[in-house]
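In the working numbering, the protein residues as written are 24 to 295.
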């Protein structure tokens, strides 16, 4: 194990089966950082992702195997690495600038176990979802979420507290909740593409989120969920009026129902 390898982060690109990956888009940022990280690609896309040859050639490891739960696979990869820091990201994000990797890993050098980047919404996306992302990913504080889409974790912390090996949607979020890890906020490290999601996928993601909370042992209250839905709905209506979009006042009612009914349904499914 060389000091150069230890100090160079491992960048683990995970391709989930939603088929949204466009390798030229992300490679246009990543190739300018070659030499600054070791690239590992884990393809869980079931053939949906098209990886350009330049990216495949740059990868230290390319794994095409979706037969095991993602958490178990990531733990195995982490055990085999020599790098001190590991960045995890998926095709749902797009780096906004050349220094996103340094910004994500900088807090780890100062002793933090984990760091995450704020979601920067895609221009022209659904403005209700954009506002929701802004609320759910605050700039600082314990309420900030750590997700596999945009996080960096010290390898030592991950080896001491491995990802859950059962099938969960977001191993990093469950890892954070189970182990009481408070991730450090990193400003504007990655851009979210979720602001383009249709209502069906919003509900699917909410179900997965609810199931992961159940897997992490988080409790769930129907009354609290309903109160949150109403509170957020009021904010949506105010946001809509402030933006002078009264013709879209109907949408927040569907959007909030999709999120909170999805979270409740996912939590119920995860506790069975």
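Every residue, glycine too, gets a C-beta built ideally from N, C-alpha and C. Please read these numbers as outputs of a predicted model, since none were measured by experiment.
Next on the checklist: So, with DSSP's three-state summary, where would you put residue 131?
Outcome noted: Locating residue 131 in the chain shown gives position 108, where the first residue counts as 1. Helix.
Item to check | Residues that residue 174 bridges to, as DSSP identifies them | outcome: By one-based count along the chain shown, residue 174 stands at place 151. Its beta-bridge partners are 111 and 139.
Item to check | Whole-angstrom distance between residue 126 and residue 295, CA atom to CA atom | outcome: Translated into the one-based positions of the chain shown, residue 295 becomes position 272. Translated into the one-based positions of the chain shown, residue 126 becomes position 103. When rounded, the distance between both Cα atoms is 40 Å.
Checklist entry - Mind checking residue 278: buried by the 16 CB within 10 Å criterion, or exposed? => result Here residue 278 corresponds to residue number 255 of the chain shown, with the count starting at 1. Buried, by the Cβ-count rule.
Checklist entry - Hey, residue 213 and residue 140: beta-carbon distance below 8 Å or not? => result Here residue 213 is taken as the residue at index 190 of the chain shown, counted from 1. Here residue 140 is taken as the residue at index 117 of the chain shown, counted from 1. Taking 8 Å as the Cβ cut-off, residue 213 and residue 140 qualify as a contacting pair.
Next on the checklist: Per the DSSP calculation, residue 91 is bridged to which residue(s)?
Outcome noted: Here residue 91 refers to the residue found at position 68 when the chain shown is read from its first residue. BP columns for residue 91 are empty, so no partner.
Next on the checklist: Between the alpha carbons of residue 276 and residue 102, how many angstroms are there, rounded?
Outcome noted: The residue labelled residue 276 in the question sits at position 253 within the chain shown. The residue labelled residue 102 in the question sits at position 79 within the chain shown. Spanning the two alpha carbons is a distance of roughly 46 Å.
Item to check | Counterpart residues of residue 33 in DSSP-defined beta bridges | outcome: Sequence index remark: in the chain shown, residue 33 carries index 10 (1-based). Partner(s): 61 and 109.
Next on the checklist: Give me, in chain order, the residues of the same chain whose beta-carbon lies closer than 8 Å to that of residue 210; leave out the 5 immediate sequence neighbours on both sides.
Outcome noted: Here residue 210 refers to the residue found at position 187 when the chain shown is read from its first residue. Setting aside the 5 residues that flank it on each side, residue 210 is surrounded in the same chain by 126, 140, 141 and 162, each with a C-beta closer than 8 Å to its C-beta; the list follows chain order.
Next on the checklist: If I follow the unbroken beta strand (DSSP E) through residue 208, where does it start and stop?
Outcome noted: Position 185 of the chain shown, counted from the start, is the residue given in the question as residue 208. If you look at residue 208, you'll find it in the beta strand (DSSP E) that goes 207-215.
Item to check | When 53, 199 and 47 are compared against residue 8, the one with the closest alpha-carbon | outcome: Residue 8 is absent from the structure shown; the chain starts at 24 and stops at 295.
Item to check | Integer-rounded CB distance, given that residue 87 should sit under 8 Å from residue 66 | outcome: Residue 66 sits at position 43 when you count from the first residue of the chain shown. Residue 87 sits at position 64 when you count from the first residue of the chain shown. Their Cβ separation, rounded to whole angstroms, is 5 Å, which keeps residue 66 and residue 87 in contact under 8 Å.
Next on the checklist: Within the continuous beta strand (DSSP E) that includes residue 117, where are the two ends?
Outcome noted: In the chain shown, counting from the first residue as 1, residue 117 sits at position 94. Counting along the chain, the beta strand (DSSP E) containing residue 117 begins and ends at 116-118.
Checklist entry - For residue 226, which residues from the same chain have a beta carbon less than 6 Å from its beta carbon, with the 5 sequence-adjacent residues on both sides left out? => result Along the chain shown, one-based indexing puts residue 226 at 203. The answer, listed in chain order, is 281 and 285.
Next on the checklist: With distance defined between alpha-carbon atoms, name the residue in 181, 50 and 232 nearest to residue 80.
Outcome noted: Looking up residue 80 in the chain shown gives position 57. The candidate whose alpha carbon is nearest that of residue 80 is 50.
Next on the checklist: Looking at the secondary structure, which residues open and close the alpha helix (DSSP H) in which residue 80 lies?
Outcome noted: Position 57 of the chain shown, counted from the first residue, corresponds to residue 80. Start and end: 76-81.
Item to check | Assigned exposure category for residue 24 - 16 Cβ within 10 Å defines buried | outcome: Sequence index remark: in the chain shown, residue 24 carries index 1 (1-based). Residue placement at residue 24 cannot be trusted, given a pLDDT of 47 that sits under 50; the coordinates are not used to answer.
Next on the checklist: Under 8 Å, with one C-beta from each stretch per pair, do the segment 257-264 and the segment 197-206 reach the 3-pair mark?
Outcome noted: no
Checklist entry - According to the neighbour-count rule (16 or more other Cβ atoms, all chains shown, within 10 Å of its Cβ), is residue 293 buried or exposed? => result Residue 293 sits at position 270 when you count from the first residue of the chain shown. Buried, because 16 or more other Cβ atoms sit within 10 Å of the Cβ of residue 293.
Item to check | Closest residue to residue 77 among 71, 70 and 85 (Cα-Cα distance) | outcome: In the chain shown, counting from the first residue as 1, residue 77 sits at position 54. When only C-alpha atoms are compared, the closest one is 85.
Next on the checklist: Can you give me the C-alpha to C-alpha distance between residue 224 and residue 32, rounded to a whole angstrom?
Outcome noted: Your numbering for residue 224 matches position 201 in the chain shown. Your numbering for residue 32 matches position 9 in the chain shown. Cα to Cα, the separation comes out at about 32 Å.
Next on the checklist: Assuming contact is defined by CB atoms lying nearer than 8 Å, are residue 138 and residue 175 in contact in what I supplied?
Outcome noted: Locating residue 138 in the chain shown gives position 115, counting from the first residue. Locating residue 175 in the chain shown gives position 152, counting from the first residue. Yes, Cβ-Cβ distance for residue 138 and residue 175 is below 8 Å.
Checklist entry - To which residues of the same chain is residue 68 closer than 7 Å at the C-beta, ignoring the five residues directly before and after it? => result Position 45 of the chain shown, counting from 1, holds the residue named residue 68. Excluding residues within five positions, the ones whose Cβ falls inside 7 Å are 38, 39, 40, 42 and 44.
Next on the checklist: Pop quiz: residue 108 and residue 83 are said to be a contact at Cβ under 8 Å. What is the actual Cβ separation, rounded to whole angstroms?
Outcome noted: Along the chain shown, one-based indexing puts residue 108 at 85. Along the chain shown, one-based indexing puts residue 83 at 60. That pair is no contact at about 15 Å.
Checklist entry - Is DSSP giving residue 45 helix, strand or coil here? => result Here residue 45 corresponds to residue number 22 of the chain shown, with the count starting at 1. Looking at residue 45 - three-state DSSP - the assignment turns out to be strand.
Next on the checklist: the ligand NAD and residue 196: does any heavy atom of the ligand fall closer than 7 Å to the residue's C-beta?
Outcome noted: Ligands are entirely absent from the displayed structure, and the ligand NAD is therefore not among its contents.
Checklist entry - For the segment 237-272, which segments carrying the alpha helix (DSSP H) assignment without a break, of at least 4 residues, lie completely within its bounds, in sequence order? => result Listed in chain order, the complete alpha helix (DSSP H) runs (minimum 4 residues) inside the segment 237-272 are 245-265.
Item to check | Between the CA atoms of residue 218 and residue 71 - distance to the nearest angstrom | outcome: The count along the chain shown starts at 1 and reaches residue 71 at position 48. The count along the chain shown starts at 1 and reaches residue 218 at position 195. If you take the alpha carbons of residue 71 and residue 218, they lie about 21 Å apart.
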